[in-house]
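Engineer: My questions all concern the structure below.
Number of protein chains: 2
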Amino acid sequence: MLTPLALPATAFIDPQGNNRAAIAEVVAHVAQCIVTHLSGAAQHPPVPEVTAVPAIAIPDLPTPDRDLLNTLDAYLATAMNPANPGYLGHMDPMPTTFSILGDWVVSALNNNMLSVEMSPIFSRLEPLVMGEIARLFGLGDRAGGVLVSGGSLANLQAIAVARNAKLDTLTHGLAPLPRSPVIFASAVAHTSIKKAAMLLGLGTAGVIEIPTQANSQMNADALRAAIATSLANGQQPFAVVATAGTTVTGSIDPLPEIAAIAQEFDLWFHVDAAYGGALMFSDTHRDRLRGIEQADSVTFNPQKWLYVTKTCASVLFRDMAVLHDHFRIAAPYMNREADWHNLGEFTVQGTRHPDILKLWLSLQHLGKQGCAHLIDASFDLTETFVAAVRQRPYLTLASEPAMNLVCFRGCPSWLPAAQWDGWNADLQATLCRQGSFFLSLPHYRQHNWLKAVLLNPFTTIAHIEALFQAIDAFAHATKP
Amino acid sequence: MLTPLALPATAFIDPQGNNRAAIAEVVAHVAQCIVTHLSGAAQHPPVPEVTAVPAIAIPDLPTPDRDLLNTLDAYLATAMNPANPGYLGHMDPMPTTFSILGDWVVSALNNNMLSVEMSPIFSRLEPLVMGEIARLFGLGDRAGGVLVSGGSLANLQAIAVARNAKLDTLTHGLAPLPRSPVIFASAVAHTSIKKAAMLLGLGTAGVIEIPTQANSQMNADALRAAIATSLANGQQPFAVVATAGTTVTGSIDPLPEIAAIAQEFDLWFHVDAAYGGALMFSDTHRDRLRGIEQADSVTFNPQKWLYVTKTCASVLFRDMAVLHDHFRIAAPYMNREADWHNLGEFTVQGTRHPDILKLWLSLQHLGKQGCAHLIDASFDLTETFVAAVRQRPYLTLASEPAMNLVCFRGCPSWLPAAQWDGWNADLQATLCRQGSFFLSLPHYRQHNWLKAVLLNPFTTIAHIEALFQAIDAFAHATKP
Chain B
-13 MLTPLALPAT
-3 AFIDPQGNNR
7 AAIAEVVAHV
17 AQCIVTHLSG
27 AAQHPPVPEV
37 TAVPAIAIPD
47 LPTPDRDLLN
57 TLDAYLATAM
67 NPANPGYLGH
77 MDPMPTTFSI
87 LGDWVVSALN
97 NNMLSVEMSP
107 IFSRLEPLVM
117 GEIARLFGLG
127 DRAGGVLVSG
137 GSLANLQAIA
147 VARNAKLDTL
157 THGLAPLPRS
167 PVIFASAVAH
177 TSIKKAAMLL
187 GLGTAGVIEI
197 PTQANSQMNA
207 DALRAAIATS
217 LANGQQPFAV
227 VATAGTTVTG
237 SIDPLPEIAA
247 IAQEFDLWFH
257 VDAAYGGALM
267 FSDTHRDRLR
277 GIEQADSVTF
287 NPQKWLYVTK
297 TCASVLFRDM
307 AVLHDHFRIA
317 APYMNREADW
327 HNLGEFTVQG
337 TRHPDILKLW
347 LSLQHLGKQG
357 CAHLIDASFD
367 LTETFVAAVR
377 QRPYLTLASE
387 PAMNLVCFRG
397 CPSWLPAAQW
407 DGWNADLQAT
417 LCRQGSFFLS
427 LPHYRQHNWL
437 KAVLLNPFTT
447 IAHIEALFQA
457 IDAFAHATKP
Chain D
-13 MLTPLALPAT
-3 AFIDPQGNNR
7 AAIAEVVAHV
17 AQCIVTHLSG
27 AAQHPPVPEV
37 TAVPAIAIPD
47 LPTPDRDLLN
57 TLDAYLATAM
67 NPANPGYLGH
77 MDPMPTTFSI
87 LGDWVVSALN
97 NNMLSVEMSP
107 IFSRLEPLVM
117 GEIARLFGLG
127 DRAGGVLVSG
137 GSLANLQAIA
147 VARNAKLDTL
157 THGLAPLPRS
167 PVIFASAVAH
177 TSIKKAAMLL
187 GLGTAGVIEI
197 PTQANSQMNA
207 DALRAAIATS
217 LANGQQPFAV
227 VATAGTTVTG
237 SIDPLPEIAA
247 IAQEFDLWFH
257 VDAAYGGALM
267 FSDTHRDRLR
277 GIEQADSVTF
287 NPQKWLYVTK
297 TCASVLFRDM
307 AVLHDHFRIA
317 APYMNREADW
327 HNLGEFTVQG
337 TRHPDILKLW
347 LSLQHLGKQG
357 CAHLIDASFD
367 LTETFVAAVR
377 QRPYLTLASE
387 PAMNLVCFRG
397 CPSWLPAAQW
407 DGWNADLQAT
417 LCRQGSFFLS
427 LPHYRQHNWL
437 KAVLLNPFTT
447 IAHIEALFQA
457 IDAFAHATKP
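Residue numbers (our numbering), protein chains in the order written: chain B, -13 to 466; chain D, -13 to 466.
Quick look at the structure:
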C-alpha cells in the first residue's frame, strides 16, 4: 500500500476494508445530498441560471474531503433539472430510480464492455436483453443489438454497416468506388445523420434531403424522385434513413412506403427511432410504428421515453451477422470466450461503460405495463396541451402531434409578422426567468418556435393550465 | 401524477418529496451493498467465473423493489474485480472514490453534454478543465479538448479532424479526392486506429503499418521510407499516429523524430497517449513523453492511469479552432449562449453523459502530487516485477518496459518451443482458476504472452512475490 501521507485516506476504497468507516461516511453524505436535492426538485427552477463559474486550476496538493463535499450543492443547484414538473423543453427525461441505482453499481465496479473478461456478467447480459428488445420491434429471430453511448453513435454505426454491406468499403474504403455514395433522409432528420455522413467520408452533401409534407413527415413521392435523380446524376445511393420521432415536432415518417421504396432500389433501410421507439412498449400506440419491422437497422434510445439515465442508446440489426461480416475488426490482445463476443469488436466504441444494468433493472422495475402506462399517460397530457393551444387564436401548431411533443408558436395578430420571432423568443425567455416552466426555442422553417415534450410523469393538467395562464399574461402585456 | 397502482411507488424520485423515505431506503441499501462489496474486494477473485446467466424476459408487471435489490449481489460477484490487488491483467484500474461519487451525482441529475442549456454547469466546466489539461501537455494557449466516451472515439475524432483539415472532406467527402488517403501508425498501434480508418472511409488498408524496433517502438526510418513509398504509389498521406503506451507492451514511440517527419511531409501529428498521457502529471517521468508538445492532437484517457471510473477519455487539440473550421455541424434546434459552446456540435457524440464532474472531483481530491505519487509508485513496483522476471531463466521479456506494464512469456527449456504457447496459456488459466492473480494473455508476435499492468495501488511487493511463487510452482510441475 502507498505512503498514507501522499494520498487522502479515502482516495480509494481499500479492498481489505481498512477505510470502510470513512468511505461509508462520504458515500452516505453524497447519497443524502442527491436524495435531498431530487426530493425537492420541484422547488428548483427547470433550467437554473449560472452566474459564476468556479475558478479552475488543478491543485498541487490533495483537497480535503469536506471541502469537496461542500461544493456538491453548487453543482446540484446549477444543473439542468428535468425532474421539475415544469421542465418541458427537450426529449430529456427525469430518470427512473432503478436506472440511477444500476448506474451507481456500474460506476463503482468500473467494468468495461470492451471484452467478456473485462465485464463477465454485463457482456453476457447485453446481447440477451438487446435480443429481447429487437424481437419486440418485430425484427425476427436473427435480430439483436448493441448499446452505444448516445444516439449519434447509433446512427453512425448503422450507416457504417450499411455502407460496408452495400458498397464493400470495410477494407479498401471509398477510393475504389466509381460513383459518389449518397444516402437519403428527410429535411428534418436529426443532425447526427449529417455528422455520420461527414465522418463516414460521404461529406455532409452526401445526405440528400427529402422535402416534408405539411405534417413534417418525409414525402415518399419526393423520395422516389430524388433516388431517380441521384441515379441519373451518376451517384451511388445505398441507404434511406426514416425518422420515428423528429427532434422538433415528434413526427413519424411513413415507414411502410419508405420500406417499399428502399426494397425497390435495394437500399439499406434504417429507422432513427431514437425517441419514438418506446412506442413499441404500448399496446395502444405501437401501431404508429407500423413498418419498422421491415428495417435493416433501428436506432432506439431507452435514455429518452423509457426514462433510463444517460447514456443508454442502442442500434438494432435485423441480422446480427452483418456486424461480423461488415463491421468487425478483431483485437488480437483480447481473450476469447467460446459462446460470448468481445463487444468492443462490434461497436464504434472500444472501452465502453456498461449501460445494460441500468436498462435491465429499470425494465424489470417498471415492467412492460409500467412503460406502457408512462407512454399512454403522456399522450393523455399531450391532448390537454394541444387543446390549450387550439383554444388560443394567437397560437398555432407546427404540425399535428404524432406523440407527446407539441411544437407551436405565437402569431399575435396585433403585431406585425416580422416581430413574431422576437415575440416567441421573449416569451420563452420570460417563462425561463420566472422559474416555473421551461419550453425550448427551436429554429424551424426559418422561424422561432416553442417546443414542449410531455415526458415528466409528475406534470399534471394543473401545470399545463398554469403554463397557459403565464403565456396568456405575457401575450396580454404585449397588446397595444 | 400517474395512477399510483400502475407504477411502483419508487419508480421515480418524487420531486415534491412524497416518496422520500422509500427512496432513501433503497438508496441506502444499494450504497451499502456497494461499500460492502468493494471493502471486501480482496476476498473476491480478480476475474470471477460466470457459470449461469439469468433468464432474460422483460416482465409484463413491475418487479418488487426487494426482488431486484436481492439480485444485486449476483451482479457484484460476477463482475470484473479490478480492486483485487491480484488484478494485473489490463489497463483497467480500480477507480478513485471521488470519481465514483461524481458519477453518482451525474447519473442522478441526468444532464446532457449536448448543449449548454441541458448541462449549464458541466458544459462550462468541461472546456475550462480540458484547457488546463491541454496546457499541462504543453500544447499552448490555443489548445483545449473535449471528453468523449472512450479512447476509440477520441482517436476517431482526431483522425476525422485531421482528414477534414488536410483534405477538405467535411462537405464533399472523399469522392472528389484524386488519390487514396492514407495514414501511418506502428504495427502495434491500437486497433481503434484501424477502426477509425474503416469508419472514416479510408478502409482498414488505409492504415499503413510501420514496423517496430526490438523495443516495440515505431522505427522512424521505416516511417520515412513508408511515406516516400506511399507518395510514389500515388497515395495521399495526411496523418501520422504515434503511440505513447502501446496496448501490449506499454511502449512509447520516438515522438520527437516522428514529429519532425510529420512536419517535413506536412502531415497531421496525432499522439495516442490514451494510457501514457498520465505521465504528464509526474515530474519524475514526464520527460518520457518529450515531443508530445508538438502534436496537433492527443488522445488522453483519465479512465486509465488517472484512475477515473469509466468512461473518461479525451481528445486534445493544439488549436481548438480546427473543431470550428473542420468538424462542427450546427444543430439548429438548440439555443446558443454567447460565451459557451453547445459541445454536441464539437464531438463525434451528440447526447453525452457528463464525465467532467468525476474527473474534476478526482483531480482535486488527489491533487497533482497525489497523481504523481500513484504514477511514481507504480514505476517502483514495476522494477520489482521486472527483476523477478529477469531472475528466472525460463521467463523472457517482450521489450524493455517504458512504464508500469510488463509483457513476458515462459520459454521453458525443458519443453519443445512448439509447446510454449500452450504452456503460457495454461499458466494464465491456472492462475485465474486459483483465484488470486489475473494476468492477461495477449497474442503478440505470433505467440501467446503474459501481460501485467502494475496499476492497483494496493498491490504490494508481497503480492508480486506470491505471484512468482505461483508461477514457479506451475513451471516446476511441468518439468519432466
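No residue lacks a Cβ here, since even glycine has one placed at the ideal position from N, Cα and C.
Hey, would you say S85 of chain D sits closer than 8 angstroms to G336 of chain B, going by beta carbons?
Structural biologist: On the second sequence, residue 85 of chain D is found 99 positions in, with the first residue counted as 1. On the first sequence, residue 336 of chain B is found 350 positions in, with the first residue counted as 1. For S85 of chain D and G336 of chain B, no; Cβs fall outside 8 angstroms.
Engineer: Quick one: give me the first and last residue of the beta strand (DSSP E) that Q222 of chain D is part of.
Structural biologist: For the purposes of this step, residue 222 of chain D is identified with residue 236 of the second sequence, where counting begins at 1. First-last of the beta strand (DSSP E) with Q222 of chain D: 222 to 229.
Engineer: Helix, strand or coil, according to DSSP, for Y430 of chain D in the structure here?
Structural biologist: What you label residue 430 of chain D is simply residue 444 of the second sequence in a count that begins at 1. Three-state result, Y430 of chain D: strand.
Engineer: Does the CB of M184 of chain B have a neighbour CB from chain D at under 8 angstroms?
Structural biologist: Here residue 184 of chain B is taken as the residue at index 198 of the first sequence, counted from 1. Interface residue, yes.
Engineer: Does D407 of chain D have its Cβ less than 8 angstroms from a Cβ in chain B?
Structural biologist: Working through the second sequence from its first residue, we reach residue 407 of chain D at position 421. No, D407 of chain D does not count as interfacial toward chain B.
Engineer: Identify which residue in D:A38, D:T(-4), D:L24, D:H23 has its Cα closest to the Cα of V21 of chain B.
Structural biologist: Residue numbering aside, residue 21 of chain B sits at position 35 when the first sequence is read from its first letter. Closest option to V21 of chain B, Cα to Cα, is D:T(-4).
Engineer: Starting from the C-beta of T(-11) of chain B, find all residues in its chain whose C-beta is less than 6 angstroms away, skip the five residues before and the five after it, and write them out in chain order.
Structural biologist: If you number the first sequence from 1, residue -11 of chain B lands on position 3. Any answer about T(-11) of chain B is weak, because its pLDDT of 49 lies below 50 and its placement is not dependable; what the coordinates show is given next. Closer than 6 angstroms at Cβ, skipping near neighbours: no residue.
Engineer: If you drop the 5 nearest sequence neighbours on each side, which residues of the same chain put their C-beta closer than 6 angstroms to that of Q199 of chain D?
Structural biologist: In the second sequence, the residue the question calls residue 199 of chain D occupies position 213. Excluding sequence neighbours, Q199 of chain D sits near N205.
Engineer: Can you list the residues of chain D that E118 of chain B reaches, using a CB-CB cut of under 8 angstroms?
Structural biologist: Taking the first sequence and counting its residues from 1, the one referred to as residue 118 of chain B is at position 132. Neighbours of E118 of chain B on chain D, chain order: I42, A43, I44.
Engineer: Looking only at its own chain, which residues have a Cβ that is under 8 angstroms from the Cβ of A148 of chain B, when we skip the five neighbours before and after it?
Structural biologist: Along the first sequence, read from residue 1 onward, the residue named residue 148 of chain B stands at position 162. Excluding positions up to five away in sequence, the list reads I169, F224, A225, W254, H256, D282, S283.
Engineer: Whole-angstrom Cβ separation of V174 of chain D and V234 of chain D, contact assumed at under 8 angstroms?
Structural biologist: On the second sequence, residue 174 of chain D is found 188 positions in, with the first residue counted as 1. On the second sequence, residue 234 of chain D is found 248 positions in, with the first residue counted as 1. Between V234 of chain D and V174 of chain D the Cβ distance is about 6 angstroms, and since that is below 8 angstroms, they are a contact.
Engineer: Nearest-angstrom Cα distance between V193 of chain B and M77 of chain D?
Structural biologist: Locating residue 193 of chain B in the first sequence gives position 207, counting from the first residue. Locating residue 77 of chain D in the second sequence gives position 91, counting from the first residue. Going from the Cα of V193 of chain B to the Cα of M77 of chain D covers about 39 angstroms.
Engineer: Could one say the Cβ of H271 of chain D lies closer than 8 angstroms to chain B's Cβ atoms, at least one of them?
Structural biologist: The residue labelled residue 271 of chain D in the question sits at position 285 within the second sequence. So no, H271 of chain D is outside the interface.
Engineer: Note the first and the last residue of the continuous beta strand (DSSP E) segment covering I145 of chain B.
Structural biologist: Position 159 of the first sequence, counted from the first residue, corresponds to residue 145 of chain B. Looking at the DSSP string, I145 of chain B is not in any beta strand (DSSP E); the run it does join, the alpha helix (DSSP H), is 137 to 153.
Engineer: Starting from T285 of chain D, trace the beta strand (DSSP E) in both directions and tell me its first and last residue.
Structural biologist: Locating residue 285 of chain D in the second sequence gives position 299, counting from the first residue. Per DSSP, T285 of chain D belongs to the beta strand (DSSP E) from 283 to 286.
Engineer: Is there contact between the region 3 to 19 of chain D and the region 104 to 115 of chain B, where contact requires at least three CB pairs shorter than 8 angstroms?
Structural biologist: Flag = no, the region 3 to 19 of chain D and the region 104 to 115 of chain B do not touch.
Engineer: How far does the beta strand (DSSP E) with F303 of chain D in it reach, from first residue to last?
Structural biologist: On the second sequence, residue 303 of chain D is found 317 positions in, with the first residue counted as 1. 299 to 303 is the span of the beta strand (DSSP E), which, as asked, contains F303 of chain D.
Engineer: Using only alpha-carbon positions, find the residue among B:I42, B:F444, B:I450 that is nearest to L349 of chain D.
Structural biologist: Reading the second sequence from its first residue, position 363 is the one you call residue 349 of chain D. Out of B:I42, B:F444, B:I450, B:I42 has the C-alpha closest to the C-alpha of L349 of chain D.
Engineer: At a Cβ threshold of 8 angstroms, is G136 of chain B touching chain D?
Structural biologist: Taking the first residue of the first sequence as 1, we reach residue 136 of chain B at position 150. Chain D contact via Cβ: present.
Engineer: Name, please, each residue of chain B whose Cβ falls closer than 9 angstroms to the Cβ of I9 of chain D.
Structural biologist: Here residue 9 of chain D refers to the residue found at position 23 when the second sequence is read from its first residue. V21, L24, S25, T83, listed in chain order.
Engineer: Check each residue of the region 96 to 114 of chain B: if its Cβ is closer than 8 angstroms to any Cβ of chain D, include it; give the result in chain order.
Structural biologist: Taking 8 angstroms as the Cβ-Cβ cut-off against chain D, the residues of the region 96 to 114 of chain B that qualify are N96, N97, N98, E103, M104, S105, P106, I107, F108, R110, L111, L114.
Engineer: Please state whether the Cβ-Cβ distance between N390 of chain B and Y73 of chain B is less than 8 angstroms.
Structural biologist: As a first step, residue 390 of chain B is located in the first sequence; it is residue number 404 there, counting from the start. As a first step, residue 73 of chain B is located in the first sequence; it is residue number 87 there, counting from the start. No, Cβ-Cβ distance for N390 of chain B and Y73 of chain B is not below 8 angstroms.
Engineer: Give me the Cβ distance between L153 of chain B and Q222 of chain B, rounded to the nearest whole Å; I'm assuming they're in contact under 8 angstroms.
Structural biologist: Working through the first sequence from its first residue, we reach residue 153 of chain B at position 167. Working through the first sequence from its first residue, we reach residue 222 of chain B at position 236. At roughly 7 angstroms, the Cβ-Cβ gap stays under 8 angstroms, so L153 of chain B and Q222 of chain B are in contact.
Engineer: Which residues in chain B have a C-beta closer than 7 angstroms to the C-beta of V36 of chain D? List them in chain order.
Structural biologist: Residue mapping note: residue 36 of chain D aligns to position 50 of the second sequence, counting from 1. What V36 of chain D touches in chain B: P106, I107, R110.
Engineer: Determine which residues of the region 438 to 461 of chain D have a Cβ less than 8 angstroms from any Cβ of chain B, and write them out in chain order.
Structural biologist: Listed in sequence order: P443, F444, T446.
Engineer: Of the choices D:F286, D:F444, D:A208, whose alpha-carbon is the least far from that of A120 of chain D?
Structural biologist: For this step, residue 120 of chain D is matched to residue 134 along the second sequence. For A120 of chain D, the nearest C-alpha among the options comes from D:F286.
Engineer: Output the boundary residues of the alpha helix (DSSP H) element that contains G353 of chain D.
Structural biologist: Position 367 of the second sequence holds residue 353 of chain D. Taken as a continuous stretch (DSSP letters only), the alpha helix (DSSP H) holding G353 of chain D covers 342 to 376.
Engineer: Go through its chain and collect everything with a Cβ distance to T368 of chain D's Cβ below 8 angstroms, but skip five positions before and after it.
Structural biologist: The sequence position of residue 368 of chain D within the second sequence is 382, counting from 1. P387, M389, N390, L391, V392, L440, listed in sequence order.
Engineer: Between F454 of chain B and the rest of its own chain, which residues show a CB-CB distance below 6 angstroms, the 5 nearest in sequence each way excluded?
Structural biologist: Within the first sequence, residue 454 of chain B is the residue found at index 468, counting from 1. A374, listed in sequence order.
Engineer: Could you check if F255 of chain D belongs to the surroundings of the ligand PLP, using beta carbon to heavy atom distance under 7 angstroms?
Structural biologist: Among the ligands in the structure shown, none appear at all, so the ligand PLP cannot be discussed.
Engineer: Taking the alpha carbon of L265 of chain B as the reference point, which residue from B:L302, B:L54, B:A65, B:L122 has its own alpha carbon closest?
Structural biologist: To locate residue 265 of chain B, count along the first sequence from 1; it is residue 279. Nearest C-alpha to L265 of chain B: B:L122.
Engineer: Identify whether K465 of chain B lies in helix, strand or coil by the three-state DSSP scheme.
Structural biologist: The sequence position of residue 465 of chain B within the first sequence is 479, counting from 1. Three-state DSSP puts K465 of chain B in coil, outside helix and strand.
Engineer: Using a Cβ-Cβ cutoff of less than 6 angstroms, which residues in the same chain neighbour G263 of chain D once the five nearest sequence positions on both sides are dropped?
Structural biologist: Walking along the second sequence from the start, residue 263 of chain D turns up at place 277. Within the same chain, G263 of chain D has close Cβ partners F286.
Engineer: By DSSP, does L133 of chain D sit in helix, in strand, or in coil?
Structural biologist: Locating residue 133 of chain D in the second sequence gives position 147, where the first residue counts as 1. If DSSP states are grouped into helix, strand and coil, L133 of chain D belongs with the strands.
Engineer: Mind checking whether A456 of chain D and F423 of chain D have CB atoms under 8 angstroms apart?
Structural biologist: Residue 456 of chain D sits at position 470 when you count from the first residue of the second sequence. Residue 423 of chain D sits at position 437 when you count from the first residue of the second sequence. Contact: yes.
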